[in-house]
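Working notes, structure below.
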Ligand SMILES: Cc1cc2nc3c(=O)[nH]c(=O)nc-3n(C[C@H](O)[C@H](O)[C@H](O)COP(=O)(O)O)c2cc1C
Ligand code: SF4
Ligand code: FES
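Protein chains in written order, with our numbering: chain A, 633 to 1099; chain B, 14 to 187.
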């Protein structure tokens, strides 16, 4: 793999990506140990598992895979008196379009992930864990396997880890090209050797009924790396990074029409959308203007340049306030992006300038979801395909006047009516593109619906024919 | 959709068998979990998934052949016919498309001597050059959207590919 070599931007705070792009860093045990590797594991092993969970709860760290669920709270769902085996799975399926962060951790700093994962397994009393890595990372799978072997050799894994009596093994499991394996219950089915058909929640919350019907913690690569840093600085210190309820750092992956696309790690909420695009990513190409941003992976609702948002807050005395802000003012954190009707999701920021045709963009996204629907739920399986077919025909010049409304109605009939959140993921783009760029769709979809039947079969002709 | 698997026969070596056995030890709770990894090593070793693969893996894991077949038809990475000697995957998804991936696909096909007449959309089709040297597939986001357009040749990964200059990408494959 060719690693793009980049110097971090001064505004960045590199914690998880500290070792990414370093010339003097190799993804092996020796390098990692020289840099103080596995010290946090040793520290964790002197504590009780419940104390580690407490630290993670205090840190407030939220899941980096997409949903932003607080990690400590998720771990807390495991009952203290649980008698069944407990499993942990690292979600390394990284497949949400626009997201490219786990790739670099896996390829360049695998031991950081493994250390974070062992600490997490210890905290959740797990003795068997898997890293589910997407099939298209063959090199990454090899690197992880080598790193796991090195960790076994040093007895950071295996039986009686460092003499503490704690046993753990971790194996790498490769996916095979299906996006839905990123959804945690689909992932679990896939790991059981089946089609990745997501399970319905309730009852199949992984922490209650997961892998092999036993309690299972599923966490994203970046989330598990964060656990190592929670151990390093302590939950309370960690919680001081970022803003309340949006703690730690966040890796933002910027792609599309900016001068300097790439990955950037910031304290959560320390940059605004405008700073990200114009200062950090070098702005747009010469002569271009910002048109739209998808802020959290392709399923996040699109934001339109020039729109304003009313943000509710509280002043110093606790009285409700209302602020009007623009796209550039949005802080890049979970709560701020939720407040403007989109989401921080997986951290994939896709920027589009004024040369982009929004019908073309949505059509591209729709093709992705039509291809990736697992097919279990009718609204999702059929609807994702219909949405693609409609944007296809608008692109091909065959769009009819009703198409924007039809698109909206198809999308509205998927979200909330399916087994898994893919239903929302595939309808949010269509809903938001139609809401915000309806003009562009209307300008392209101008045909009138042709008569459903030929004139001789229309009612009047038939009436004439029989009389 | 009907699916017929080729009934070609290959010889299973002791080495392959022991590789499979080792993998099965990763799944102490349920052997069935080893289906995907066994399909992977079969495809890596023998090129594609045949009827023999389906039956051999099923027998090995004490499953029915349908339990294996249903994975072959679900997971896009498995193919039921040989690919070219070098298999190219070009990313189709948004960020790469904005960076020119459709053009890249065209140029790759041109350079590899592949007639992509049937490739619009993508998915099931793997297109092969007449000489069998290359095959190409349009795939979804490869998680490197910041350096589009990207592609893979076999297990090698290429970023920021210039469609007008494919020599650095395709040149070294024999
Ligand atoms: C359609 C869909 C695709 C997803 N893809 C991924 C993915 O590729 N990687 C990931 O970490 N989480 C993905 N998720 C989120 C997972 O279901 C799950 O919430 C996450 O792995 C939990 O880890 P976290 O709490 O550490 O974020 C996806 C969710 C959905 C609904
Ligand atoms: S919503 Fe879509 S992807 Fe999710 S289970 Fe239903 S059909 Fe499958
Ligand atoms: S869009 Fe091509 S790698 Fe993500």
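We treat Cβ as the ideally placed atom computed from N, Cα and C, and that holds for glycine.
Only a predicted model underlies this, so the values are computations on that prediction, with no experimental measurement involved.
Three or more C-beta pairs under 8 Å: does that hold for the segment 719-739 of chain A against the segment 975-986 of chain A?
yes
Can you give me the C-alpha to C-alpha distance between residue 906 of chain A and residue 808 of chain A, rounded to a whole angstrom?
38 Å
Any heavy atom of ligand 1 closer than 6 Å to the CB of residue 1057 of chain A?
yes
For ligand 3, is there a heavy atom less than 6 Å away from the beta-carbon of residue 767 of chain A?
no
Going by DSSP, what residues sit across from residue 147 of chain B in a beta bridge?
B:99
Can you confirm whether residue 823 of chain A, when its beta carbon is compared against all beta carbons of chain B, has any partner nearer than 7 Å?
yes
Quick check: is the beta carbon of residue 168 of chain B nearer than 7 Å to any beta carbon in chain A?
yes
For residue 762 of chain A and residue 842 of chain A, believed in contact at Cβ under 8 Å, the rounded distance:
That pair is no contact at about 11 Å.
Measure the C-alpha to C-alpha separation of residue 88 of chain B and residue 49 of chain B and round it to an integer number of angstroms.
9 Å
In or out: residue 79 of chain B buried (at least 16 other Cβ within 10 Å) or exposed?
exposed
Pick out whichever of A:861, A:915, A:675 and A:776 has its Cα sitting closest to the Cα of residue 960 of chain A.
A:915
Which residue comes first and which comes last in the alpha helix (DSSP H) that contains residue 1131 of chain A?
It is not possible to answer for residue 1131 of chain A, since the shown part of chain A is limited to 633 through 1099.
Name the DSSP beta bridge partners of residue 1108 of chain A, please?
Lying before the first or after the last residue shown, residue 1108 of chain A is absent from chain A, which here runs from 633 to 1099.
Which two residues bound the contiguous beta strand (DSSP E) that contains residue 922 of chain A?
922-926
Examine chain B for any beta-carbon lying closer than 7 Å to the beta-carbon of residue 671 of chain A, and answer yes or no.
no
Give, in chain order, every residue of the segment 144-175 of chain B whose Cβ lies closer than 9 Å to some Cβ of chain A.
152, 153, 154, 155, 156, 157, 158, 159, 160, 161, 165, 167, 168, 169, 170, 171, 172 and 173
Determine the DSSP secondary structure at residue 193 of chain B, reduced to helix, strand or coil.
The shown model of chain B, from 14 to 187, leaves out residue 193 of chain B, and the question about it has no answer.
Which partner residues of residue 904 of chain A appear in the DSSP bridge assignment?
A:963
At a CB-CB cut-off below 9 Å, which residues of chain B make contact with residue 895 of chain A?
159
Entirely within the segment 746-773 of chain A and at least 3 residues each: give me those beta strand (DSSP E) ranges in chain order.
760-765
Taking residue 36 of chain B as the reference, give the member of A:804, A:973 and A:714 with the closest Cα.
A:804
Between the alpha carbons of residue 776 of chain A and residue 151 of chain B, how many angstroms are there, rounded?
27 Å
Could you tell me the alpha carbon to alpha carbon distance between residue 1016 of chain A and residue 1045 of chain A, rounded to whole angstroms?
11 Å
Residues of chain B with a CB under 8 Å from the CB of residue 968 of chain A: which are they?
Within chain B, no residue comes near residue 968 of chain A; the closest Cβ sits about 23 Å away, beyond 8 Å.
Would DSSP call residue 931 of chain A helix, strand or coil?
coil
Just mark residue 42 of chain B as buried or exposed, buried being the case when its beta carbon has 16 or more other beta carbons within 10 Å.
exposed
Please report how far the alpha carbon of residue 175 of chain B lies from the alpha carbon of residue 692 of chain A, in whole angstroms.
44 Å
Would residue 716 of chain A be called buried (16 or more neighbouring beta carbons within 10 Å of its own) or exposed?
exposed
Tell me where the beta strand (DSSP E) around residue 164 of chain B begins and ends.
164-166
Any heavy atom of ligand 3 inside 6 Å of the beta-carbon of residue 163 of chain B?
yes
On the DSSP bridge list, what partners appear for residue 805 of chain A?
A:764
Are the Cβ atoms of residue 818 of chain A and residue 828 of chain A separated by less than 7 Å?
yes
7 Å Cβ cutoff met for residue 772 of chain A and residue 743 of chain A:
no
Counting only beta-carbon separations shorter than 7 Å, does residue 190 of chain B have a partner in chain A?
Here chain B comprises residues numbered 14 to 187, so residue 190 of chain B is not present and cannot be evaluated.
Partner residues on chain B for residue 697 of chain A, Cβ-Cβ distance less than 9 Å
Here the premise fails: no neighbours, minimum Cβ distance about 13 Å.
As an exercise, report each continuous alpha helix (DSSP H) stretch of at least 4 residues that is fully enclosed by the segment 771-837 of chain A, in chain order.
816-823
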